[in-house]
Amino acid sequence: MTPTRIWTHRLYPGELRELSRVRRELTADLAGFDPGVADTLVLCGSELFANCVRYTASGTENGAVIRTLWLVGDRSLTLGFTDDGLGGTVPRIPTTRTPDEWEEAEGQRGLLMVQELSTAWGYSPVCPFGDLGTHTWATFTLTAQS
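This is the structure:
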């Protein structure tokens, strides 16, 4: 699918204190869309940004995260975050917890939330020849009133 609108990519320092700026700028970029859609993207975007900072080299000194946003027709919005890599893992939803462990877990629920609120989500390496970063994205289907 070819994007019909691509917002300017945004570069953020890899620090959790940047979350308020990420939210504010994403909210501004989504002005004119249904507020429920915008709120959902901001919530999921917060989680994806935080994961980049917590689990990759983006969270180290001089680390950074790139945010992307694009629209395909009037059907879907895709939000993505690219990290600096070297995290040693790929984004995944934990599957080895018992129901009681899920009830007690305070963390690692974010991708589950992204999966439930988006139409689809996934990731791809920035470069297939090494750990130079991962682009994690989520797509959200728009309704007629969005």
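For the sequence shown, full-length UniProt numbering gives the first residue as 1, with consecutive numbering after it. Quick reminder that beta carbons are idealized off the backbone N, C-alpha and C, glycines included. Quantities reported herein were computed from a predicted structural model and do not represent experimental measurements.
- Does the separation of the CB atoms of Ala38 and Leu48 fall below 8 Å? no
- Label Cys127 either buried or exposed according to how many other C-beta atoms from any shown protein chain fall within 10 Å of its C-beta, with 16 as the threshold for buried. exposed
- Task: Could you tell me which residues DSSP puts in a beta bridge with Pro125?
- Result: Thr134
- Item | Simplified DSSP state of Gly80, which is helix, strand or coil | strand
- Message: Please state the DSSP three-state secondary structure of Pro35.
- Response: helix
- Neighbour-count burial assignment, residue 219, 16 or more Cβ in a 10 Å radius: Absent from the model: residue 219. The displayed extent of the chain is 1 to 146, so no value can be given.
- Message: Please state the DSSP three-state secondary structure of Gln86.
- Response: Checking the displayed sequence, the identity of residue 86 turns out to be Leu instead of Gln. In the structure shown, Leu86 sits in coil (DSSP, three-state: anything other than H, G, I, E or B).
- Query: Taking Arg67 as the reference, which of Met113, Ser20, His135, Phe33 has the closest Cα?
  - Reply: His135
- Item | Contacts around Asp74, its chain only, beta-carbon distance under 7 Å, and the 5 residues preceding and following it disregarded | Leu142
- Query: How is the alpha helix (DSSP H) around Leu111 delimited, first residue to last?
  - Reply: 110–117
- Arg5 to Val72 span [Cα, whole Å]: 7 Å
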